[in-house]
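Asks: This is the structure I have questions about; it appears just below.
Residue numbers (the UniProt record's numbering): 1 to 357.
Here you go:
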């Protein structure tokens, strides 16, 4: 792992991994706190490295210090929550030339609520595989990928102060390659994550001009975020065109349908007289998100295929005055363990409506 001033988080990370690996390599890029001392307490091999504004270079250095045949790449703000050691041993003994994709649960804050998104990232690699990209680095290899039984929780998106560092690195790379769809997406995403929606817009627009729908495996996530960004800016005409353009490519993603549900809700609310013909698209979108449920092809925001869509359908039907349907979907949301649904459930029940089975 690469560290700098991670004394508040590195202990829990190393606690989670210490009994699962043969050695721990920590490459520190200039900590002024107790990061290195804490790492040493776990008998980690700690190396100093001069930061060059390039994560891949630093990852290369770290991997070169490893004596193992396989490397598990972690960040200090991550903890291992599941690691099936028997299955992992079987994987590394039988899949010599395969990259392991692990499940990462990202915690982030939205609308004053901590939410989760699940993604599968290439992090378990055989010796000799390195990275490319100065930020949001990726494994530089054509080796096949396979999902392995490792799960990690990452809270680095919660109240961090890394925006200036990250955006400057991305924009610097874009100076050399201003049509790189992945870098354009990362620039847009970084601005969006900091509520800078207008700053994000030109990068989303440029991304959409150059992206390859068929080969860029981040296309789905980027389009969904693009729709949210357009919603935030009330740029509904452009959003309608994007949704129409990509619908056939995206209609097996619950996140896409959920984003459409949010979009059409805001669209109709913004100008009911002009956009009322899209009203039924709200119900259509959330119902399809629920029908698809949550699975692993795409990066999934937890709840879009379950409790969040059910809750929003409850809101939709309650606003229509259909308390029976509203209660059904609020109850469904609650059965998915969404405690927020209890408030409208109690509100409707106190009015004398009972759930129909």
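We treat Cβ as the ideally placed atom computed from N, Cα and C, and that holds for glycine.
#1: From residue 188 to residue 223, what distance separates their C-alpha atoms?
#2: So, at 7 Å on beta carbons, what are the nonlocal neighbours of residue 48 in its own chain, with the 5 sequence-adjacent residues on each side left out?
#3: Using CA coordinates, which residue listed in 22, 52 and 3 is at the minimum distance from residue 31?
#4: Quick one: what's got a C-beta closer than 6 Å to residue 230's C-beta in the same chain, skipping five residues either side?
#5: What are the start and end residues of the alpha helix (DSSP H) that includes residue 331?
#6: Would you kindly report the start and end of the unbroken beta strand (DSSP E) that includes residue 118?
#7: Alpha carbon to alpha carbon, how far is residue 64 from residue 37? Give it in angstroms, no decimals.
#8: I'd like the span of the beta strand (DSSP E) that includes residue 146, first residue to last.
#9: Tell me where the alpha helix (DSSP H) around residue 319 begins and ends.
#10: Can you say whether residue 213 is buried or exposed, counting buried as having 16 or more other CB atoms within 10 angstroms of its CB?
#11: What residue range is occupied by the uninterrupted alpha helix (DSSP H) comprising residue 372?
#12: Who are the near neighbours of residue 260 in its chain, counting only those whose CB is closer than 8 Å to its CB and skipping five residues on each side?
#13: Evaluate contact between the region 265–277 and the region 82–91, counting only Cβ atoms and requiring at least three cross-stretch pairs below 8 Å.
#14: Which two residues bound the contiguous alpha helix (DSSP H) that contains residue 15?
#15: Using beta carbons (cut-off 8 Å, strictly below), is residue 202 in contact with chain C?
#16: What separation, rounded to the nearest whole angstrom, lies between the Cα atoms of residue 278 and residue 146?
#17: If you compare alpha carbons, which of 166, 232, 217 and 220 is closest to residue 198?
#18: Where does residue 246 fall in DSSP's three states?
#19: Below 8 Å, can you find three or more Cβ-Cβ pairs linking the region 115–122 to the region 54–71?
#20: So if DSSP puts residue 28 in a beta bridge, which residue, or which two residues, is it bridged to?
#21: Take residue 25 and list the residues in its own chain whose beta-carbon comes closer than 6 Å to its own, dropping the five residues that flank it on each side.
#22: Report yes or no: do three or more beta-carbon pairs, one from the region 327–343 and one from the region 305–316, lie closer than 8 Å?
#23: Compare the C-alpha of residue 110 against each of 302, 351 and 323 and name the closest.
#24: Measure the Cβ-Cβ separation of residue 5 and residue 35 and say whether it is below 8 Å.
Replies: The answer reads as follows:
#1: 11 Å
#2: 28
#3: 3
#4: 238 and 239
#5: 323–335
#6: 113–126
#7: 22 Å
#8: Counting along the chain, the beta strand (DSSP E) containing residue 146 begins and ends at 145–154.
#9: Start and end: 307–319.
#10: By the C-beta density criterion, residue 213 is exposed, having fewer than 16 other C-beta atoms within 10 angstroms.
#11: The shown model of the chain, from 1 to 357, leaves out residue 372, and the question about it has no answer.
#12: 227, 243, 281 and 285
#13: Contact between the region 265–277 and the region 82–91 is not established, with fewer than three Cβ pairs separated by less than 8 Å.
#14: 10–17
#15: The question asks about chain C, but that chain is absent: this structure has only one protein chain.
#16: 41 Å
#17: 232
#18: helix
#19: No: the two stretches stay apart, fewer than three of their Cβ pairs being nearer than 8 Å.
#20: 3 and 48
#21: 45, 62, 65 and 66
#22: Contact between the region 327–343 and the region 305–316 is established, with three or more Cβ pairs separated by less than 8 Å.
#23: The shortest C-alpha separation from residue 110 is found at 302.
#24: Less than 8 Å divides the Cβ of residue 5 from the Cβ of residue 35.
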